[in-house]
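So the sequence shown is numbered by our numbering: it starts at 154 and just counts up by one. A virtual CB, placed ideally from N, CA and C, is assigned to each residue, including glycine. These numbers were taken from a predicted model, which means no experiment stands behind them. Structure, as structure tokens:
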Amino acid sequence: MTSPNPQVSIIVSTYNESQNIISILKSIRESMPTGILTETIVVDDNSPDGTGRIVEEYVQGLKRFAENTINVIHRKTRDGLSSAILSGIQNARADTIVVMDSDFSHPPQAIPRMLEALKQYQCDLVVASRYMRGGGTRGWTLKRKMLSKSATLIAKIGLRVKLSDPMSGFFAFKKHIINGLSFDALGYKFLLELLVKTDRKITVKEIPYIFENRRLGKSKLDASLYETSSEYLQAVWRLYKSKKMKESSERRGSVKFFSKAARFFTVGASGFGVNYLVSMLFASGLADIWYVHANAFGIVASLSTNFILNKIWTFEDVDFGAKRTLSQYGRFAAFSSLGAAVQLGTVYWLVDAHNISYPLALFTAIAVAASSNFVLNKKLTFREKIWG
Ligand code: GDD
Ligand code: MN
């Protein structure tokens, strides 16, 4: 027999939380307003300290059809907080979901306020924030404070999230907003991925709370700060790329073609500057070498800056694998020489065979060479479709 569907699912992930888990479950139950059917889902990753078994035993002793039920998901191996949260969400039966830690850093007393805010503002997501007026952290080392702030800053700038605390692990949301989305669930930051993947199409409200450092047990994040940080950067990077890809697939092919062409020509113009400057510098005080050699340096320098700028900016390719980059550079250089040859040929042909004035012929030749260069590099160096 199953109990009636709950109205709220509370997801609590655990790894080695034997000292906290029973008291947090009790505290959650005491904090919930009466009359709301609640299921609490504990997602345990086979904790060596027996957290999963302890909860199982505790649940056995509870009344069967209480207002608050507790379910345990036992995962076989440790797979990180985000993916634990995702498992919890997939198993949740209510449409209103609360996500929190099990170590009292997230005060269960704040849950009613979060549920109230969901209703009152009719929003899809309520985030409990440390970094707004009324919120804060207690018991943190300076190092932890700085890391948290920098991670927040990276998310705000890199992913353009608008919240004061996108790193929060304490939030409530309507399950239906994630319909059709798929998650990487890498690392610690489930909320961040939720924010990016729902892409400002949802309404969000923040409410303040004080994060209390845990009294019992150990922080998993502090224990492996290096892995956590690099995992974090990786997760942000993946989100950034998926965001970029989505944005660019939404733009029209013609818009993309012409905006890339404009970037390509801008880079070309900057190359002219680099070429001139380097050629002058090498022939003057700096190196004082033969002007032909100096000009060769100028050409190589501008070829290189053009290549790097076009790779990163024009064609948005940041994969700098050695083999890939070298072969791209080779093609790019070849097409540039080809472009020069095309330009010379065109000028000669227009002036000599068609009696067109030199300035007009030159202009036309540069336009022909630059455009064919753009298309060739787009297609053959950076392997893109021509249109789009
Ligand atoms: N199932 C499972 N698997 N649970 C995990 C795992 C895991 O691999 N790693 C951590 N947890 C659980 C812990 O048992 C705890 O309940 C919760 O996730 C948070 O872990 P802590 O180790 O206590 O993390 P923290 O306090 O350092 O980090 C908290 O604060 C950050 C903000 O600075 C978390 O709430 C983060 O989500 C939050 O971003
Ligand atoms: Mn903690």
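Tell me the rounded alpha-carbon separation between residue i and residue j.
i	j	result
ARG231	SER377	14 Å
ASN169	LEU295	25 Å
MET154	TYR341	With a pLDDT of 47 at MET154, under the threshold of 50, the modelled position of this residue cannot be trusted, and the question is left open.
GLY544	LEU529	Any answer about residue 544 is impossible in this case: the structure gives the chain only from 154 up to 541.
PHE527	LEU515	18 Å
VAL511	TYR393	For the record, residue 511 in the displayed sequence is Tyr; it is not Val. Looking at the two C-alpha atoms, the distance is approximately 48 Å.
ILE519	SER489	12 Å
LYS302	ASP472	28 Å
ASN428	GLY451	4 Å
SER594	ALA270	Shown here, the chain extends from 154 to 541; a query on residue 594 therefore has no answer.
ALA304	LEU491	46 Å
HIS227	LYS531	50 Å
LEU348	GLU400	15 Å
GLY292	ARG367	8 Å
ILE163	GLU359	18 Å
SER407	ALA414	11 Å
SER171	GLY203	7 Å
TYR444	THR458	21 Å
ARG405	GLY188	52 Å
TRP502	THR517	11 Å
ILE175	SER402	48 Å
GLU209	THR290	32 Å
GLY438	VAL420	27 Å
According to the neighbour-count rule (16 or more other Cβ atoms, all chains shown, within 10 Å of its Cβ), is residue i buried or exposed?
i	result
GLY483	exposed
ILE238	buried
VAL453	exposed
ASN173	buried
PHE323	buried
ALA325	buried
PRO157	exposed
MET253	buried
GLU346	buried
GLN496	buried
PRO159	buried
ILE194	buried
GLY287	exposed
SER255	buried
LEU215	exposed
ASN221	buried
ALA475	exposed
So the candidates are the options; which of them puts its Cα closest to the Cα of residue i?
i	options	result
ARG536	THR517, LEU503, GLY498, ARG477	ARG477
ILE250	GLY292, LEU306, VAL165, LEU300	VAL165
GLU365	ARG246, GLN496, GLN262	GLN262
SER317	ARG283, SER382, LYS216, PHE473	ARG283
ILE330	SER401, TYR341, THR351	THR351
ILE177	ILE207, ASP198, PRO159, LEU190	ILE207
THR534	TYR429, GLY492, SER490, GLN481	GLN481
THR109	ASN224, THR499, VAL161	Given a span of 154 to 541 for the chain in the structure shown, any question on residue 109 remains unanswerable.
LEU312	TYR385, ALA245, LYS272	TYR385
GLY276	GLY288, THR290, THR356	In the sequence as presented, Gly is not what sits at residue 276; that position holds Cys. With distances taken between Cα atoms, CYS276 lies closest to THR356.
PRO201	GLY370, LYS413, ASN463	GLY370
ARG217	ASP198, THR204, ASN199, GLU192	GLU192
SER423	LEU479, MET398, ASN463, GLU209	ASN463
ARG100	PRO186, HIS446, ALA245	In the structure as shown, the chain starts at 154 and stops at 541, and residue 100 therefore has no counterpart that could be examined.
SER395	ALA219, ASP375, SER335	SER335
TYR466	SER240, ILE175, LYS397, GLY289	With the sequence shown as reference, residue 466 is identified as Trp, and Tyr is not the correct amino acid for it. If we check each option's Cα against that of TRP466, LYS397 comes out closest.
VAL212	LYS179, GLY233, SER236, ASN199	LYS179
ALA219	SER240, ARG182, ASP248	ARG182
ASP375	ASN332, ARG297, ARG391	ARG297
GLY233	ASN199, ALA493, ASP470, LEU430	ASN199
Going by the CB atoms, is the gap between residue j and residue i shorter than 9 Å?
i	j	result
VAL389	ALA308	yes
ILE242	LYS328	yes
ILE539	PHE417	no
SER372	ILE264	no
SER382	LEU456	no
TYR362	PRO260	yes
PRO319	VAL279	no
LEU268	VAL161	yes
ASN448	ALA436	yes
PHE468	ALA486	no
ALA522	THR499	yes
SER258	PHE343	no
- Within the stretch 327–408, ranges of the beta strand (DSSP E) (whole runs, at least 3 residues): Qualifying beta strand (DSSP E) stretches, in chain order: 357–361, 363–365.
Which runs of the alpha helix (DSSP H) fall wholly inside the stretch 476–509 and span at least 4 residues, in chain order?
As far as the stretch 476–509 is concerned, it has no whole alpha helix (DSSP H) run of at least 4 residues.
Those runs of the beta strand (DSSP E) which lie wholly inside the stretch 240–304 and span at least 3 residues: The qualifying runs are 249–253, 278–282, 289–291.
### Check your reading: residues with Cβ closer than 6 Å to ligand 4 heavy atoms
You won't find ligand 4 in this model; what it holds is ligand 1 and ligand 2.
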